[in-house]
Amino acid sequence: MNSLKRVHFFSVILNFVLAAGISVARAQDAPDVGPHPPEPLKAMESHIGNVTGHSRDAKLDYRRYCAGCHGDLGDGNGENAVWLDPKPRDFTMATFKCRSTVTGMLPTDQDLFNTIARGLTNSNMPIWNTFTKQQRADLVAYIKTFSPRWEKEKPGDPIKIPTEPPVTIESIAHGKALYTKLECWKCHGPQGKGDGPSAATLTDSKDQPIRPYNFTAGGDDSRFKCGSTNADIYKIFITGVDGTPMPSFADVIQPNDAWDLVHFLRTLQVKRHSKENEVLKAAGGKIPPYNETPSTPPASPNNSAAPASPSENRTAGGGN
Amino acid sequence: MRTSKFGVAVLIATLCPALMFGGTISGKVTYTGTPVKQKPIDMSKEPSCAKQHNPPITTETVVTGSNNTLENVVVYISAGADDANAPAQAVTFTQKGCQYTPHVIALHTGQELQVVNADQTSHNIHPLAKVNREWNKSQPPGSPNIQEKFDQPEFISVKCNIHPWMHGWFAVLKTNHVSISKDDGGFSLPNLPAGKYTVTAWHEDYGTQTQEVTITGNETKAIDFSFKAKAY
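So the protein sequences, as listed, match chains A and B. Residue 131 in this note's numbering sits at position 136 of the first sequence, and the numbers go up by one each step. So this note's numbering is basically just the index in the second sequence, starting at one, shifted up by 2.
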């Protein structure tokens, strides 16, 4: 895809510029330019593995790299915001798309850390892997100063992701049946092109128009907003994408059913090499109708230790 | 169940008669001017819902009755009464014919909300909370009721992203003294002990109004609210 190539090229350039920017920033020993953003209400910390992030240490990085879009006040009203679609996240709402926690809950520090590193595909949020782990941890802590929710609430435990059962043509067929039954197609379209009957009317929580994900766009480099592995897709069904029309299916889908749906979604990515597309090809390229009473019992955890295909194991956000 | 309820009632009646036989604030909500005409909803994208409405229903941003009465106004005691605890019984919010019934519900903070899907289509319930947690849950046909609670007082706009015409409100309050005006504009806030109260009336499009009312005993005070209709 031409546009994807352009995005890639852009991110390479951007990374170069950023790297240069960081070294300049260091050389000048944190220049004092422009009006100061207001002091954060309360110093916050983040914990990423053995790294502790401190909000006070992220002040300059935030001003230099984040405030342009997210705004000095963290309200998503930076000077670039008017030009952007989707709009930059408003940190004062403390509502985040990519979480490992249930819908409505705060994300974990690790979730925010991953998002900064990964960037958000199909948006203007770049991959910030030029930052050190410490810088990113500090920025996570800084983001948490913008909403009092971080002082009052706990993110809760990350959802459990059970072991992925093997990809079979049956699981793909069942996933397809679920795609119809759960009415994923209403937004994402019958072929996953993001052109379902409700697609044109969708708005996010700030009444901004928002497009459902088009599964068919992009080849092997295609990514989802919140990661690129099968487990990342699984997670999306369960957590939902808060602040957007994508709801949580946690209460209405069984773990094995969710995996079947993941397997089917991979086949919608027609230009992407995947285990699922291989299985589909081996089965003649056609998804058989799903039989409501399967002859084989649902995959039990005992026989589902098959690892995901190597292509699924690429780390999220590995842009360069 | 019945006897225990009766027992509690007797107990309360004995201990604090003021609570049971206190004053009442009641009245009517009306509007002046010309409200914007509500638009018919095109549900053709959801035939299972469209066929339930003949003629098509309209939007419910402003619902009026005869004699300029205004429906769906949340009238509640915003100051003067004890916050009280959340009632044990849940408040039900039903999705039927791709419409929220009722359009506005009142909940106490911490009171259980039950969301019912009575339709043959999936809905997603998306309360666009700003003070409370914003969540968004899918509810395919036949799935169990969604049970939720809200911790903070807030008027929360609720929508279904799949069916963008579906819109409703959760009025989360710190009081049980609440009444939502009917099509005759009527509301009633009974069981008020003697005291000075602030009564607030909230309408989703016309905003809020307040009045101070003093209850001296076993009396009924009549107050009315009149909202100015927005021209657009």
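From the three backbone atoms N, C-alpha and C, an ideal C-beta is built for every residue, glycine too. Note that this is a predicted model, so its numbers are computed, not measured.
Interface partners of A:Pro250 on chain B, CB under 9 Å | Counting from 1 along the first sequence, the entry for residue 250 of chain A is found at position 255. Neighbours of A:Pro250 on chain B: none; closest Cβ ~16 Å, over 9 Å.
Within chain A, the residues that B:His128 reaches when beta carbons sit closer than 9 Å | On the second sequence, position 126 is the one that residue 128 of chain B refers to. Those are Ser200, Pro240, Pro242, listed as they occur along chain A.
Just the Cα atoms here: how many angstroms apart are B:Asn70 and B:His169?
-> For the purposes of this step, residue 70 of chain B is taken as the residue at position 68 of the second sequence. For the purposes of this step, residue 169 of chain B is taken as the residue at position 167 of the second sequence. Cα-Cα distance, rounded: 23 Å.
Can you list the alpha helix (DSSP H) stretches of 4 or more residues lying completely in the segment 115 to 190 of chain A, in chain order?
-> 128 to 138, 144 to 147, 164 to 176, 180 to 183
Contacts around A:Leu173, its chain only, beta-carbon distance under 7 Å, and the 5 residues preceding and following it disregarded = Reading the first sequence from its first residue, position 178 is the one you call residue 173 of chain A. Only Asp252, Asp255, Leu256 meet the Cβ criterion.
If you follow the beta strand (DSSP E) that B:Gln198 is part of, which residue opens it and which one closes it?
-> Residue numbering aside, residue 198 of chain B sits at position 196 when the second sequence is read from its first letter. What sits at residue 198 of chain B in the sequence shown is Lys, not Gln. Its beta strand (DSSP E) spans residues 197 to 205.
Can you name the residues that DSSP bridges to B:Ala108?
-> The residue given as residue 108 of chain B occupies position 106 in the second sequence. According to DSSP, which records beta bridges pairwise, B:Ala108 is partnered with B:Ala173.
Should B:Tyr234 be flagged as near chain A, meaning a C-beta pair shorter than 8 Å?
-> As a working note, residue 234 of chain B is residue 232 in the second sequence. Not closer than 8 Å to any Cβ of chain A, the Cβ of B:Tyr234 fails to qualify, so no.
Can you give me the Cβ contacts of B:Val93 inside the same chain, cut-off strictly under 8 Å, excluding the 5 residues immediately before and after it?
-> The residue you call residue 93 of chain B lines up with position 91 of the second sequence. Excluding residues within five positions, the ones whose Cβ falls inside 8 Å are Ile107, Ala108, Leu109, Gln113, Glu114, Leu115, Gln116.
Listed by chain order, chain A residues near B:Ile148 by CB distance under 9 Å | Residue 148 of chain B sits at position 146 when you count from the first residue of the second sequence. Chain A residues near B:Ile148: Asp246.
To the nearest angstrom, report how far apart A:Lys147 and A:Val162 are at their CA atoms.
-> One-based indexing of the first sequence puts residue 147 of chain A at position 152. One-based indexing of the first sequence puts residue 162 of chain A at position 167. Those two C-alpha atoms are separated by around 42 Å.
Inter-residue Cα distance where the pair is A:His268 and B:Thr66 | Your numbering for residue 268 of chain A matches position 273 in the first sequence. Your numbering for residue 66 of chain B matches position 64 in the second sequence. Rounded to whole angstroms, A:His268 to B:Thr66 spans 58 Å at the Cα level.
Close beta carbons around A:Thr98, own chain, < 8 Å, minus the five adjacent residues each side = Position 103 of the first sequence, counted from the first residue, corresponds to residue 98 of chain A. Taken in chain order, the residues that qualify are Thr234, Gly235, Asp237, Pro242, Ser243, Ala245.
Rounded separation between A:Leu177 and B:Ser124 - CA only = Locating residue 177 of chain A in the first sequence gives position 182, counting from the first residue. Locating residue 124 of chain B in the second sequence gives position 122, counting from the first residue. Cα to Cα, A:Leu177 sits roughly 7 Å from B:Ser124.
With a CB to CB cut of under 8 Å and the five nearest residues on each side skipped, what residues in its chain are close to A:Phe91?
-> Locating residue 91 of chain A in the first sequence gives position 96, counting from the first residue. Correct list, in chain order: Arg84, Leu101, Pro102, Asp106, Leu107, Thr110, Asp237, Gly238.
Going by CA-CA distance only, name the one from B:Asn147, B:Asp207, B:Leu130, B:Pro192 that's closest to B:Val174.
-> Locating residue 174 of chain B in the second sequence gives position 172, where the first residue counts as 1. For B:Val174, the nearest C-alpha among the options comes from B:Leu130.
Short-range partners of chain A found in the segment 45 to 73 of chain B, where Cβ spacing is below 8 Å | Lys47
Tell me, please, whether the CB atom of A:Glu178 is closer than 8 Å to any CB atom in chain D?
-> Considering every chain present, this structure includes no chain D. Its protein chains are A and B.
Alpha carbon to alpha carbon, how far is B:Asp153 from A:Pro284?
-> Translated into positions along the second sequence, residue 153 of chain B becomes position 151. Translated into positions along the first sequence, residue 284 of chain A becomes position 289. Rounded to the nearest angstrom, the two C-alpha atoms are 46 Å apart.
Return the Cβ separation of B:Val31 and B:Ser183 in integer angstroms, given the expectation that the two are a contact with Cβ distance under 8 Å.
-> Start at 1 with the first residue of the second sequence, and residue 31 of chain B comes out as number 29. Start at 1 with the first residue of the second sequence, and residue 183 of chain B comes out as number 181. The Cβ separation is near 5 Å, so the contact holds.
Got a sec: is the Cβ-Cβ distance from B:Ala120 to anything in chain A below 8 Å?
-> Against the second sequence, residue 120 of chain B aligns to sequence position 118. Not one chain A Cβ lies under 8 Å of B:Ala120.
If we call anything under 8 Å between Cβ atoms a contact, is A:Pro319 one with A:Gln203?
-> The first residue shown for chain A is -4 and the last is 315, placing residue 319 of chain A beyond what the model contains.
Residues, ordered as in the chain, of the segment 195 to 224 of chain A that lie near chain B by beta-carbon distance below 7 Å | Thr196, Leu197, Ser200
Taking A:Lys171 as the query, report the chain B residues whose CB atoms sit under 8 Å from its CB, ordered along the chain.
-> Here the question's residue 171 of chain A lines up with position 176 in the first sequence. Residues of chain B passing the Cβ test: none, with the nearest at roughly 16 Å.
With DSSP run on the structure shown, which of helix, strand or coil describes B:Asn69?
-> In the second sequence, residue 69 of chain B corresponds to position 67, counting from 1. Helix, per DSSP.
Just checking, does the segment 82 to 98 of chain B make contact with the segment 192 to 200 of chain B on the three C-beta pairs under 8 Å criterion?
-> yes
Could you work out which residue in B:Ser145, B:Gln149, B:Ile127, B:Pro146 is closest to B:Lys139 when comparing CA atoms only?
-> Within the second sequence, residue 139 of chain B is the residue found at index 137, counting from 1. It is B:Ile127 whose Cα lies nearest to the Cα of B:Lys139.
Going along the chain, which residues of its own chain have a beta-carbon closer than 7 Å to the beta-carbon of A:Phe259, five neighbours each way excluded?
-> On the first sequence, residue 259 of chain A is found 264 positions in, with the first residue counted as 1. Closer than 7 Å at the Cβ level, and outside the excluded window around A:Phe259, lie Ile167, Gly170, Lys171, Tyr174.
In chain B, which residues lie with their C-beta within 7 Å of the C-beta of A:Gly235?
-> The residue you call residue 235 of chain A lines up with position 240 of the first sequence. Going along chain B in sequence order, the residues near A:Gly235 (Cβ under 7 Å) are Asn138.
Helix, strand or coil at A:Tyr229 [DSSP, three-state] | Residue mapping note: residue 229 of chain A aligns to position 234 of the first sequence, counting from 1. Helix at A:Tyr229.
A:Pro143 burial status per 10 Å Cβ neighbour count (16 or more: buried) = The count along the first sequence starts at 1 and reaches residue 143 of chain A at position 148. Its Cβ having fewer than 16 others within 10 Å, A:Pro143 is exposed.
Let me know if B:Phe229 comes out buried or exposed under the rule of 16 or more other beta-carbons within 10 Å of its beta-carbon.
-> To locate residue 229 of chain B, count along the second sequence from 1; it is residue 227. By the 10 Å Cβ count, B:Phe229 comes out buried.
Chain A residues whose Cβ lies nearer than 8 Å to that of B:Pro166 | Counting from one through the second sequence, the residue named residue 166 of chain B turns up at place 164. Here the neighbours are Ser193, Thr196, Leu197, Thr198.
Would a C-beta distance cut-off of 8 Å place A:Lys230 and A:Ser41 closer than the cut-off?
-> Taking the first sequence and counting its residues from 1, the one referred to as residue 230 of chain A is at position 235. Taking the first sequence and counting its residues from 1, the one referred to as residue 41 of chain A is at position 46. It is not a contact, given that the beta carbons lie outside the stated cut-off.
Quick one: which chain A residues come within Cβ less than 9 Å of B:Thr123?
-> As a position in the second sequence, residue 123 of chain B is number 121, starting the count at 1. In chain order: Glu178, Lys181.
Output yes if chain B places a C-beta closer than 8 Å to the C-beta of A:Gly99; else output no.
-> Walking along the first sequence from the start, residue 99 of chain A turns up at place 104. By this cut-off, A:Gly99 is an interface position.
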